[in-house]
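Below is one structure; the comments refer to it alone.
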Amino acid sequence: MRILLVEDDIRLAETLAEALTDQLYTVDIAMDGESALDYTRASNYDLLLLDVMLPLLDGFSLCQQLRSHGYQIPILILTARDTISDKITGLDAGADDYIVKPVDLGELFARIRALLRRGNASLPPVLRWGRLNLDPSTYEVSYASNPLHLTPKEYSLLELLLRNGRRVLSRRAIIGHIWPLEAPPEEDTVKVHIRSLRQKLKASGAPEDFIETVHSIGYRLNKENC
């Protein structure tokens, strides 16, 4: 899952981004409203975490612009502005939720999970492919009831493959989904993670071709194992 964090306090932004990354989200940081617009044009996000008092374009105006252009993903306003009128303005601007700083991280994570569930209402709570189960709410992964202990990037890669099923994902597309835009790795890095993920799946009883390579194109899950 990819989150755009729009926050002009760099120390707070980095702290929140680190905490969200520990929760296995991919996080991009925008320091002002105009940059945030550019980010939304460059990448597809699952959730927008938005401050209000921003340079160039404030959070309320940014929210209104995004909604007026058909931007439908969940928007969670995170701000120090705590009056009832501020909350009404934010929600009327199109925000899905509004939380006041300072924030308890546990509450923030719970609200993010709730919004992501609402935004992906058509998706099952547990992702399955044959005997493989991945629970996004607990980050638990198992094959034939055997738990898989994955690194954060391996988990994100497997979740991405599960959410796309038989759709072929190129290395470039995978990088665009699970690495921050500011720090993309070389494409061979994806190959390394795929190899490690296959080894762990095989050790848990999955066939070697559970993740299928489509020559010169990318990767997908093998339909023989679904």
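Numbering of the sequence shown is given in my numbering, commencing with residue 33 and proceeding in unit increments.
Every residue, glycine too, gets a C-beta built ideally from N, C-alpha and C.
Note that the coordinates shown come from a computational prediction; the quantities given were computed from them, not determined experimentally.
For Arg-160, the secondary structure class from DSSP, reduced to helix, strand or coil, is strand.
Under DSSP, Asn-178 takes part in a beta bridge, and its partners are Tyr-175. Taking the Cα of Asp-129 as reference, the smallest distance to any Cα among Asp-118, Arg-143, Leu-137 and Leu-88 is reached at Arg-143. Within the region 199-253, the complete beta strand (DSSP E) segments at least 3 residues long are 243-246 and 250-253, listed from N- to C-terminus.
Shortest Cα-Cα distance from Thr-245 to any of Ile-226, Lys-232, Leu-233 and Pro-212 involves Ile-226. Ile-206 and Val-132 have their C-alpha atoms some 34 Å from each other.
Under the DSSP assignment, Asp-128 falls outside any alpha helix (DSSP H); it carries neither an H nor an E label. Asn-254 and Leu-193 have their alpha carbons spaced roughly 10 Å apart.
Looking at Asp-54, Pro-157 and Tyr-175, the one whose alpha-carbon comes closest to that of Ser-188 is Asp-54.
Here the alpha carbon of Arg-198 sits roughly 45 Å from the alpha carbon of Asp-118. The region 212-225 makes no contact with the region 162-180; the number of CB pairs closer than 8 Å stays below 3.
Excluding the 5 residues flanking it on each side, Asn-196 has no same chain C-beta neighbour closer than 6 Å. For the 7 Å CB-CB criterion, Ile-61 and Leu-37 form a contact. Per the C-alpha coordinates, the member of Pro-184, Val-173 and Arg-149 positioned closest to Arg-160 is Val-173. Asn-165 and Glu-191 have their C-alpha atoms roughly 10 Å apart. Linking Ala-238 to Leu-229 through their CA atoms gives a straight-line distance of about 11 Å.
In the three-state reduction of the DSSP assignment, Asn-196 falls in the helix class, which pools H, G and I. Per the Cβ contact rule, the region 80-99 is in contact with the region 33-47 (3 or more Cβ pairs under 8 Å).
Beta-bridge analysis with DSSP links Arg-34 to Thr-58. Where Leu-82 is concerned, the enclosing beta strand (DSSP E) starts and stops at 79-82. Sequence-distant partners of Asp-167 (beyond 5 residues in either direction) whose C-beta falls short of 6 Å from its own C-beta, in its chain, are Val-158. Taking 8 Å as the upper bound for CB-CB distance, Ile-243 and Val-200 are not in contact here, some 11 Å apart. Boundaries of the alpha helix (DSSP H) around Thr-72: 65-74. Per DSSP, Leu-86 is not a residue of any beta strand (DSSP E), being assigned neither H nor E.
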